[in-house]
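First comes the structure, then the notes that go with it.
There are 2 protein chains.
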Amino acid sequence: MKNRRGSNEAISKPRGGSREAIVGAAQRLFLERGFGAVSMDELAAAAGVARRTLYNQFTSKEEIFREMLLSVSAQLETALPPGIETQGDVEEVLHLVARMILALHRHPEYLGFLRMVVADSRQFPWIAEGFAAVMDPQTERFVRYLAHLTAMGILDCRNPLLAAHQFMGMLNELSLWPWMTGRESVPVPEKDIIEETIRMFLQHYRRPRSKRARHDSAA
Amino acid sequence: MKNRRGSNEAISKPRGGSREAIVGAAQRLFLERGFGAVSMDELAAAAGVARRTLYNQFTSKEEIFREMLLSVSAQLETALPPGIETQGDVEEVLHLVARMILALHRHPEYLGFLRMVVADSRQFPWIAEGFAAVMDPQTERFVRYLAHLTAMGILDCRNPLLAAHQFMGMLNELSLWPWMTGRESVPVPEKDIIEETIRMFLQHYRRPRSKRARHDSAA
DNA sequence: ACCTATATGTACCAAGCAGTGCAATGCACC
DNA sequence: GGTGCATTGCACTGCTTGGTACATATAGGT
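Going down the list, the sequences are from chains A and B. For the first sequence, the numbering used here gives the first residue as 1, with consecutive numbering after it. For the second sequence, the numbering used here gives the first residue as 1001, with consecutive numbering after it.
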């Protein structure tokens, strides 16, 4: 409990960062094989640390799990860099967002986290909450961006929340979903997915430049 | 092996269909809580059967699991009724398909199966294969339908596979995904999702009636 | 050199679990 | 009534796993 070095670190460790090593190993093992499939023995071995040290640094397996997901959350915070909504025109920003989303699908930490949300959220409800806490704000930003462009008269999203999810859904279906279900990538090039999706999105939601109505957008 | 009742059932059981009861209970428990979280004791209790009977009827826990998913697969076979691609115009068919997909999201068996694909496919690879064996043909049908309409000059899907997944992705993102991550339904009415998605899809992929200046290669 | 707190190794505990053996039971059909 | 077979209950094995006790080694600060 007491810390002879007086630092504000949680626990000091003369021999070196055992906590970091443990969390690092936990990240590799848990994200790859799931919480239940990793024993404390394996975890200790992977961390290059004695089994007993796990219990010196953490009170339980679940606490290690918690701290690991906390660390992963921090890594995902930067998924969507700030400021992208101010650069270039709509199409450019959509390209950026789309590439970011597809890049996320190649992020093992993201996929592992997502798998945990689906697999272990009933046992540990805080998993889903933690995931939402990281990803929801980024979705929110995208929604606000669409709403902003609508207010500016550039887009015409009657329901920006729906529009944002349509956009993400089109990207997720062919790129994320196969990854989650274990098959190899589908025979559709990333470039095609992105371009066709953006074209489709803008054709529907972009407000006609002149007042011309190729179709009336009322129901 | 021999069955005094002469039926072609696998195993006869004088006291009543214990196999069916077991598979039924397994379906409820496994789909709801996952394979690892259900013990044979619980399963026996839920099936109203002695623990020992489980091992009389099945060789292992995994075999019960297998048979249960087989039964669920059979129930999902009929998700997309045959013949829908011949009735009405495109918009009508798309409506039908969309409602079917959203209905599937309320199907506990479908959600549970999907969860298993994500959660337990590494331990039991045949789960993902079984799921694909049921769902892929239905997606295939939709893809062929889009290709057919393109050949007929009604749609203009250069890549029907991509188009189909875009359509399904837009529906899944807002309806299926929240369900999988445990939150309650999103604040977008089903009707809005369906209508906006179909409108967007058709606006992009429907070949313009009058001016067919784009390209023309209907087979 | 001394003190303190961590790291380690080994042995251990308790619990949960899948799966088996065995003898007894009771329904169904002859 | 008798026979056969699924069923049942119970005890038991064997294994894995999370977590602990304890004695010892070792490094850092003073």
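Positions of the beta carbon are idealized from the N, C-alpha and C atoms, including for glycine.
Worksheet item: Does the pairing of the region 57-69 of chain A with the region 134-149 of chain A give three or more beta-carbon distances under 8 Å?
Response: Taking a contact to require three or more Cβ pairs closer than 8 Å, the region 57-69 of chain A and the region 134-149 of chain A do not qualify as touching.
Worksheet item: Would you call the region 1172-1185 of chain B and the region 115-126 of chain A touching, i.e. three or more CB-CB distances under 8 Å?
Response: Enough Cβ pairs lie closer than 8 Å, so yes.
Worksheet item: Should residue 1151/B be listed as close to the ligand MG, given that the test is whether its C-beta is under 8 Å from any heavy atom?
Response: Absence of the ligand MG from the depicted structure is noted, as is the absence of any ligand whatsoever, leaving it without description.
Practice prompt. Would you list the residues sitting across from residue 1155/B in a DSSP beta bridge?
Written response: The residue given as residue 1155/B occupies position 155 in the second sequence. In DSSP, residue 1155/B forms a bridge with 1206/B.
Worksheet item: For the alpha helix (DSSP H) that contains residue 226/A, what are its first and last residues?
Response: Shown here, chain A extends from 1 to 219; a query on residue 226/A therefore has no answer.
Discussion item. Quick check on the DSSP output: the alpha helix (DSSP H) that includes residue 49/A runs from which residue to which?
Written reply: For this step, residue 49/A is matched to residue 49 along the first sequence. Neither: residue 49/A is in no alpha helix (DSSP H) and is coded neither H nor E.
Practice prompt. Decide if the region 157-176 of chain A is in contact with the region 1158-1171 of chain B; the criterion is three or more beta carbon pairs, one per stretch, under 8 Å apart.
Written response: Under the Cβ criterion (8 Å, minimum of three pairs), the region 157-176 of chain A counts as touching the region 1158-1171 of chain B.
Worksheet item: Would you say residue 62/A faces chain B, with C-beta separation under 9 Å as the test?
Response: Here residue 62/A corresponds to residue number 62 of the first sequence, with the count starting at 1. Chain B, which has no Cβ nearer than 9 Å to the Cβ of residue 62/A, makes this no.
Worksheet item: What three-state label does DSSP hand residue 34/A in the structure shown?
Response: In the first sequence, residue 34/A corresponds to position 34, counting from 1. Of the three classes helix, strand and coil, the one that applies to residue 34/A here is coil, per DSSP.
Discussion item. Using C-beta distances below 7 Å, list every residue in its chain close to residue 163/A, excluding the 5 sequence neighbours before and after it, in chain order.
Written reply: On the first sequence, position 163 is the one that residue 163/A refers to. Closer than 7 Å at the Cβ level, and outside the excluded window around residue 163/A, lie 146, 157, 205.
Worksheet item: Hey, is residue 1125/B's beta-carbon within less than 9 Å of any beta-carbon in chain A?
Response: On the second sequence, residue 1125/B is found 125 positions in, with the first residue counted as 1. Output row for residue 1125/B: interface = yes.
Discussion item. Using a Cβ-Cβ cutoff of less than 6 Å, which residues in the same chain neighbour residue 64/A once the five nearest sequence positions on both sides are dropped?
Written reply: Taking the first sequence and counting its residues from 1, one reaches residue 64/A at position 64. Result list for residue 64/A: 26, 58, in chain order.
Worksheet item: When the Cα of residue 108/A is compared with those of 132/A, 89/A, 32/A, 152/A, which residue comes out closest?
Response: Residue mapping note: residue 108/A aligns to position 108 of the first sequence, counting from 1. Of the candidates 132/A, 89/A, 32/A, 152/A, the one whose C-alpha sits nearest the C-alpha of residue 108/A is 32/A.
Practice prompt. Give a yes or no on whether the C-beta atoms belonging to residue 188/A and residue 1159/B are separated by under 9 Å.
Written response: Residue 188/A sits at position 188 when you count from the first residue of the first sequence. Residue 1159/B sits at position 159 when you count from the first residue of the second sequence. At a Cβ-Cβ threshold of 9 Å, residue 188/A and residue 1159/B count as neighbours.
Item to complete: Can you say whether residue 1105/B is buried or exposed, counting buried as having 16 or more other CB atoms within 10 angstroms of its CB?
Response: One-based indexing of the second sequence puts residue 1105/B at position 105. So residue 1105/B counts as buried.
Discussion item. If the criterion is Cβ atoms closer than 9 Å, does the pair residue 197/A and residue 79/A meet it?
Written reply: Looking up residue 197/A in the first sequence gives position 197. Looking up residue 79/A in the first sequence gives position 79. For residue 197/A and residue 79/A, no; Cβs fall outside 9 Å.
Fill in: residue 1190/B versus residue 1061/B - alpha carbon distance
Here the question's residue 1190/B lines up with position 190 in the second sequence. Here the question's residue 1061/B lines up with position 61 in the second sequence. Take the alpha-carbon of residue 1190/B and the one of residue 1061/B: they are about 39 Å apart.
Fill in: Proximity test, Cβ basis, 9 Å: residue 103/A and chain B
Within the first sequence, the letter at position 103 stands for residue 103/A. Not one chain B Cβ lies under 9 Å of residue 103/A.
Discussion item. Please list, in chain order, the chain A residues whose beta carbon lies closer than 8 Å to that of residue 1192/B.
Written reply: Here residue 1192/B corresponds to residue number 192 of the second sequence, with the count starting at 1. Result: 159, 162.
Worksheet entry | residue 1195/B versus 1047/B, 1093/B, 1086/B, 1041/B, residue with shortest Cα-Cα distance | As a first step, residue 1195/B must be located in the second sequence, where it is residue number 195. Among 1047/B, 1093/B, 1086/B, 1041/B, the Cα nearest to that of residue 1195/B is on 1093/B.
Worksheet entry | For residue 102/A and residue 1081/B, the rounded distance between their alpha carbons | In the second sequence, residue 1081/B corresponds to position 81, counting from 1. In the first sequence, residue 102/A corresponds to position 102, counting from 1. Per the coordinates, the alpha-carbon of residue 1081/B lies some 33 Å from the alpha-carbon of residue 102/A.
Worksheet item: What are the boundary residues of the alpha helix (DSSP H) that residue 169/A is part of?
Response: Residue mapping note: residue 169/A aligns to position 169 of the first sequence, counting from 1. 160-180 is the span of the alpha helix (DSSP H), which, as asked, contains residue 169/A.
Discussion item. For residue 1072/B, report the span of its alpha helix (DSSP H) as first-last.
Written reply: Against the second sequence, residue 1072/B aligns to sequence position 72. Unbroken alpha helix (DSSP H) run through residue 1072/B: 1061-1077.
Item to complete: Could you give the DSSP three-state label for residue 1058/B: helix, strand or coil?
Response: As a working mapping, residue 1058/B is identified with position 58 in the second sequence. Coil at residue 1058/B, not helix or strand.
Worksheet item: Do residue 142/A and residue 113/A have their C-beta atoms closer together than 9 Å?
Response: For the purposes of this step, residue 142/A is identified with residue 142 of the first sequence, where counting begins at 1. For the purposes of this step, residue 113/A is identified with residue 113 of the first sequence, where counting begins at 1. No, Cβ-Cβ distance for residue 142/A and residue 113/A is not below 9 Å.
Worksheet entry | First through last residue of the alpha helix (DSSP H) which encompasses residue 1084/B | Residue mapping note: residue 1084/B aligns to position 84 of the second sequence, counting from 1. Per DSSP, residue 1084/B lies in no alpha helix (DSSP H) segment and is marked neither H nor E.
Practice prompt. Kindly indicate which residue of 1047/B, 1036/B, 1040/B, 1041/B has the alpha-carbon position closest to the one of residue 1023/B.
Written response: The sequence position of residue 1023/B within the second sequence is 23, counting from 1. Put simply, of 1047/B, 1036/B, 1040/B, 1041/B the residue whose alpha carbon is nearest the alpha carbon of residue 1023/B is 1047/B.
Worksheet entry | Short-range partners of chain B found in the region 32-56 of chain A, where Cβ spacing is below 8 Å | Listed in sequence order: 33, 34, 36, 37.
Discussion item. Does the CB of residue 121/A have a neighbour CB from chain B at under 9 Å?
Written reply: Numbered from its first residue, the first sequence carries residue 121/A at position 121. Under the Cβ criterion of 9 Å, residue 121/A is counted among the residues facing chain B.
Practice prompt. Would you please verify whether the beta carbon of residue 197/A is less than 9 Å from any beta carbon of chain B?
Written response: For the purposes of this step, residue 197/A is taken as the residue at position 197 of the first sequence. Using a Cβ-Cβ cut-off of 9 Å, residue 197/A counts as an interface residue toward chain B, since at least one Cβ of chain B sits closer than that to its own.
Worksheet item: For chain A, is any of its Cβ atoms less than 9 Å away from the one on residue 1115/B?
Response: By one-based count along the second sequence, residue 1115/B stands at place 115. At least one chain A Cβ lies under 9 Å of residue 1115/B.
Worksheet entry | chain A within 9 Å of residue 1205/B, Cβ atoms only | As a working mapping, residue 1205/B is identified with position 205 in the second sequence. So yes, residue 1205/B belongs to the interface.
Practice prompt. Starting from residue 92/A, follow the alpha helix (DSSP H) in both directions and report where the run begins and ends.
Written response: In the first sequence, counting from the first residue as 1, residue 92/A sits at position 92. Residue range 90-105 is occupied by the alpha helix (DSSP H) that includes residue 92/A.
Worksheet item: Cα-Cα, which of 1155/B, 1037/B, 1096/B is closest to residue 1083/B?
Response: Residue 1083/B sits at position 83 when you count from the first residue of the second sequence. Each of 1155/B, 1037/B, 1096/B was checked against the Cα of residue 1083/B, and the nearest Cα belongs to 1096/B.
Worksheet item: Exposed or buried, residue 86/A, counting other C-beta atoms within 10 Å across all chains shown (16 or more means buried)?
Response: Start at 1 with the first residue of the first sequence, and residue 86/A comes out as number 86. Residue 86/A should be labelled exposed.
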